[in-house]
Amino acid sequence: MIPRFKPVTAVLVTVCIVVYLLSLTGLQETIYRALLITQYIRPPLAEVRDGELWRLITPVLLHFGLFHILFNMLWTWELGRIIEWRHGALSLIGLTVVIGMVSNLVQYRDSGPLFGGMSGVIYGYFGFVWIQSLINKRFGLVLNRTVVLLLLGWFALCWTGIIERLFGIGVANAAHTAGLLSGIVIAFAVNAIHLLAGWAGRRFS
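Numbering (the working numbering), first residue to last: 777 to 981.
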């Protein structure tokens, strides 16, 4: 049974909610300037080049509407707890940072600096948990088929452009795709490392 509370997941959700609430106040411009991957179109990633490396990850903390924050925090809570439960707090932190940076950079290249949200990381979590549940017998959990279909269906629906046309909501499809592929690749890599470690342990014992 998945634990109801996992600390790293809880902190991540809390920070995103606090940032969102602060962005509804007079601090919005200050927050966006501090957390966007860059404030400028040219030169590319000027602040990162000047040492502000946190900008590679901080766009995941930004959310632009009630539906955006609610949807993302729901899946951050559900999938983050699974990863933290099965692989530990440090693994969740590492996954979040790696997938966040990859999805942010891909989205930046695709659409420029005005984006944010945890959705790229969420799709990375999903890809990781989904593949682990399929190929790793020790993972101890099989992802519900309805969850798989729901997230893949939403992924495909967003790519059609219907959401943007109907609701005027910008969707970070490049981040979703980069996150999903990153999570899948990491899941296969982690499983391969465990298999090699097990083989080496038997070979030299």
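Beta carbons are placed, not taken as given, at the ideal position from N, Cα and C, and that holds for glycine.
Span separating the alpha-carbon of residue i from that of residue j
i      : j      : result
Ser867 : Glu828 : 24 Å
Phe840 : Leu890 : 11 Å
Phe781 : Arg857 : 7 Å
Phe943 : Phe902 : 25 Å
Arg941 : Gly888 : 20 Å
Pro783 : Ala865 : 8 Å
Val966 : Thr801 : 42 Å
Beta-carbon spacing of residue i, residue j below 7 Å
i      : j      : result
Thr834 : Leu811 : yes
Phe904 : Ile817 : no
Ser879 : Ala932 : no
His952 : Tyr899 : yes
Ala939 : Ile945 : The sequence given here places Ile at residue 939; Ala does not occur at that position. It is a contact, given that the beta carbons lie within the stated cut-off.
Ile907 : Ile869 : no
Gly778 : Trp830 : The identity of residue 778 in the sequence shown is Ile, whereas the question assumes Gly. No.
Leu797 : Ile807 : no
Gln883 : Ala948 : yes
CB-CB length for residue i against residue j, believed under 8 Å
i      : j      : result
Leu832 : Leu881 : 7 Å
Ser958 : Ile859 : With a Cβ gap of about 13 Å, Ser958 and Ile859 do not count as contacting.
Thr852 : Leu788 : 6 Å
Residue range of the unbroken alpha helix (DSSP H) whose run includes residue i
i      : result
Asp886 : Ala865 to Ser887
Gln804 : Gln804 to Leu811
Leu890 : Counting along the chain, Leu890 falls outside any alpha helix (DSSP H), and DSSP gives it neither H nor E.
Arg825 : Ala822 to Arg825
Gln908 : Ser895 to Ile911
Ala751 : It is not possible to answer for residue 751, since the shown part of the chain is limited to 777 through 981.
Tyr816 : Unbroken run through Tyr816: none, as it is neither H nor E.
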